[in-house]
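Shown next, in structure tokens, is the structure this report addresses.
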């Protein structure tokens, strides 16, 4: 088992700044090459406090605030325009960054693109539901309408 420090959120494993033990191959072949984690050392453990401070600054502070943001996100549908062909198939896919920008443009609070989870790649026009993790206990289901540009 390898002891690592997470630098980014990994679904099902932990949040930035968490010290976790995973199998050696998972750490060596997946987490560390993708810069999702760093190997644990006594010196690196001192950096954990800096990672946790940065995470606290980005997070929504309380559960009540997260619920208020969830309600405002779920109340309105978000529209994203993208280039598409005649049949409605997009040239490329709608990214989480585009969704985050559309949420901010719609007047809702800014959402970090890393907190947006898209079940399957959005590659055609239509209406989709994406999930936004606002707090460890609160997530919002946001309706995204993809229209041709």
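In my numbering, the protein residues as written are 1127 to 1275. The beta-carbon is built from N, C-alpha and C at its ideal position, and this holds for glycine as well. The model shown is predicted, which means the values in this text are computed figures rather than measured ones.
Residue 1243 is bridged by DSSP to 1257. DSSP, read as helix, strand or coil, puts residue 1139 in coil. Taking residue 1273 as reference, the option from 1242, 1216, 1222 with the minimal CA-CA separation is 1216.
In the structure shown, the three-state DSSP call for residue 1131 is strand. Following the DSSP letters along the chain, one finds residue 1212 in no alpha helix (DSSP H), marked with neither H nor E. For residue 1224, the enclosing alpha helix (DSSP H) starts and ends at 1222-1231. Residue 1274: member of the beta strand (DSSP E) spanning 1264-1274, first to last residue. Rounded to whole angstroms, the gap between the alpha carbons of residue 1158 and residue 1234 is 34 angstroms. In the same chain as residue 1239, and ignoring 5 residues on each side of it, the C-beta atoms closer than 7 angstroms to its own belong to 1222, 1223, 1226, in chain order.
Between the alpha carbons of residue 1134 and residue 1212 lies a gap of roughly 39 angstroms. Around the C-beta of residue 1252, fewer than 16 other C-beta atoms lie within 10 Å, and the residue is accordingly described as exposed.
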